[in-house]
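In my numbering, the protein residues as written are 1 to 435.
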């Protein structure tokens, strides 16, 4: 997207309303789309290795399941309430997010995907009211994907965040859409919004504001700019201006350039032998390289990290990282695997039980701008074509349909996912069957 076009779009957005769309209890909602038996039950989704609760349906919240609770602490409660418990299924969640965000393009071309379950939209006020438009967006997304969403509409991003949060609380009354664009409700809602609930105000900033008797969003909005700058620098001043309906936070049409790509996991059980660590490292590397090529990037450095269980005092905890750098960036698994294994050999120590390993690809540059190689450019081009072919096959027929022989998909290091749902939209072999 050209610079002049970006400026034109930003100018247009200055006069538009801003909407924040947020998928309700997104991970739990994704699980409900394909399993009708859990739609009225409490639903929780667990973190890596089925450790802690990272997502909850409204019913799960009502029975007292808190975010971050270790599974062993709430398992009896979940059993008593006949709750549905799922392992994380990130492939499914990512695909459902893609479907939701794609649908938004039929309503406006100005979209900023803020996270896996949130997006800002620029909406032009027109004959069709903004509230009606919000309901149309919400209904289409639910009809086409099964994901319930809440929408807050206002003059700025910060106000849209507040409107969205209120829309969630008042979902039955407001039906999941709250329009505060030039609304007479804004003052009352800001007076009812605590400082800690404002987007961009962290814990430490909140303490500074409270010490100066600034306790609500309305109080911050009405505070003198000079005091806000002194307490929170220019960032806080921008938030205050946004609360006054003055746009200060631009739309990010182009995603921020990635500085590194990480794939790191805790093991299902501790691993001591080098061969198992090698298998895990190559598997994580394969995932990282897929992301690298998806973003059309190449890397000139790889970092390998290892760590034991820090909660086990004997033997003493051990963790280490090492990096291998190359003159030539690459997006080829074959080259990066060679770098990674050299690095793993440097930091591996026998007689330790390792709990975690990971890969970080850095020194990222656009893949189409790679420097020609003096001696082995032809070999690299062949590898590049091979990677492209493998990616296309795996995209069409499912992850790991083809892979390098040294890359194992199972082992003692494999993450625990005892309650993982099928890949309903990402794996041909796990599609729903209708009889």
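Idealized CB from N, CA, C, for every residue including glycine.
Short check: CB of residue i to CB of residue j, under 8 Å?
i           : j           : result
residue 332 : residue 269 : no
residue 279 : residue 413 : yes
residue 22  : residue 117 : yes
residue 298 : residue 365 : yes
residue 119 : residue 112 : yes
residue 63  : residue 42  : yes
residue 436 : residue 304 : For the chain, the structure presents residues 1 to 435; residue 436 sits outside this window and is missing.
residue 284 : residue 264 : yes
residue 440 : residue 342 : Nothing in the structure corresponds to residue 440, since the chain is present only between 1 and 435.
Who pairs with residue i in a beta bridge, going by DSSP?
i           : result
residue 207 : Per DSSP, none; premise fails for residue 207.
residue 320 : 306
residue 403 : DSSP, once it has assigned bridges, lists no residue as partnering residue 403.
residue 366 : 297
residue 456 : The question about residue 456 has no answer, for the chain in this structure spans 1 to 435.
residue 22  : 118 and 150
residue 265 : 357
residue 260 : 362
Between the C-alpha atoms of residue i and residue j, what's the straight-line distance to the nearest angstrom?
i           : j           : result
residue 356 : residue 301 : 20 Å
residue 173 : residue 147 : Low local confidence applies: a pLDDT of 48 at residue 173 is under 50, so the model's placement there is unreliable, and no value is given.
residue 440 : residue 425 : As displayed, the chain neither begins before 1 nor continues past 435, which places residue 440 out of reach and without an answer.
residue 14  : residue 126 : 15 Å
residue 167 : residue 138 : 12 Å
residue 229 : residue 201 : 13 Å
residue 171 : residue 178 : Note that residue 171 has pLDDT 49, beneath the 50 cutoff, so the model's placement of it is unreliable and the number below is only indicative. Rounded to whole angstroms, residue 171 to residue 178 spans 9 Å at the Cα level.
residue 247 : residue 157 : 8 Å
residue 290 : residue 419 : 26 Å
residue 46  : residue 97  : 18 Å
residue 121 : residue 245 : 16 Å
residue 68  : residue 36  : 26 Å
residue 198 : residue 133 : 25 Å
residue 65  : residue 380 : 52 Å
residue 95  : residue 427 : 11 Å
residue 26  : residue 114 : 14 Å
According to DSSP, is residue i helix, strand or coil?
i           : result
residue 98  : helix
residue 355 : strand
residue 38  : helix
residue 197 : helix
residue 246 : coil
residue 111 : strand
residue 62  : helix
residue 104 : helix
residue 431 : coil
residue 156 : coil
residue 418 : coil
residue 29  : helix
residue 332 : coil
residue 46  : strand
residue 214 : coil
residue 183 : coil
Quick one: give me the first and last residue of the beta strand (DSSP E) that residue i is part of.
i          : result
residue 56 : 53 to 56
residue 84 : 84 to 86
State the start and end residues of the unbroken alpha helix (DSSP H) segment that holds residue i.
i           : result
residue 79  : 71 to 80
residue 285 : 274 to 294
residue 188 : 186 to 191
residue 179 : That residue, residue 179, is in no alpha helix (DSSP H); its beta strand (DSSP E) goes 177 to 179.
Can you confirm whether residue i, when its beta carbon is compared against all beta carbons of chain B, has any partner nearer than 8 Å?
i          : result
residue 47 : Within the model displayed, chain B is absent; a lone protein chain is all it includes.
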